[in-house]
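Q: In this text, residue positions in the sequence shown follow our numbering: the first is 35, and each later residue adds one.
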Amino acid sequence: MQKQRLDKAMVARGQAATRSAAENWIRLGKVLVDGVVAHKPGMFVDESTQIKLVAHE
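#1: Determine the extent of the beta strand (DSSP E) in which Lys64 is found, giving its start and end residues.
#2: Could you spell out where the alpha helix (DSSP H) holding Lys42 opens and where it closes?
#3: Please name the residue, chosen from Ser82, Leu40, Gly69, that lies closest to Trp59 on a Cα-to-Cα basis.
#4: Contact check, Ala56 vs Val45 under 8 Å by CB: the rounded distance?
#5: Where Asp80 and Ala89 are concerned, what is the direct C-alpha to C-alpha distance, given to the nearest angstrom?
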């Protein structure tokens, strides 16, 4: 399985328009990776990794 950076994966999956937008959401704690809050845009994920955007109230 090929791994890529979380921010790039979000753009590739259509979850973010740009890497900058993905980085902002990740740093704000609005991205879950396999159910755990991600804080590093450079973490590596593969195709089977679940990435979810969450809204905080």
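All residues carry an ideal CB built from backbone N, CA and C; glycine is no exception.
A: Reading it off the structure:
#1: From DSSP, Lys64 is part of no beta strand (DSSP E); its letter is neither H nor E.
#2: Annotation for Lys42: the continuous alpha helix (DSSP H) segment containing it runs 40–46.
#3: Considering only Ser82, Leu40, Gly69, the residue with the shortest C-alpha distance to Trp59 is Leu40.
#4: Yes, Ala56 and Val45 are in contact; Cβ-Cβ is about 6 Å, under 8 Å.
#5: Here the alpha carbons of Ala89 and Asp80 stand approximately 24 Å from one another.
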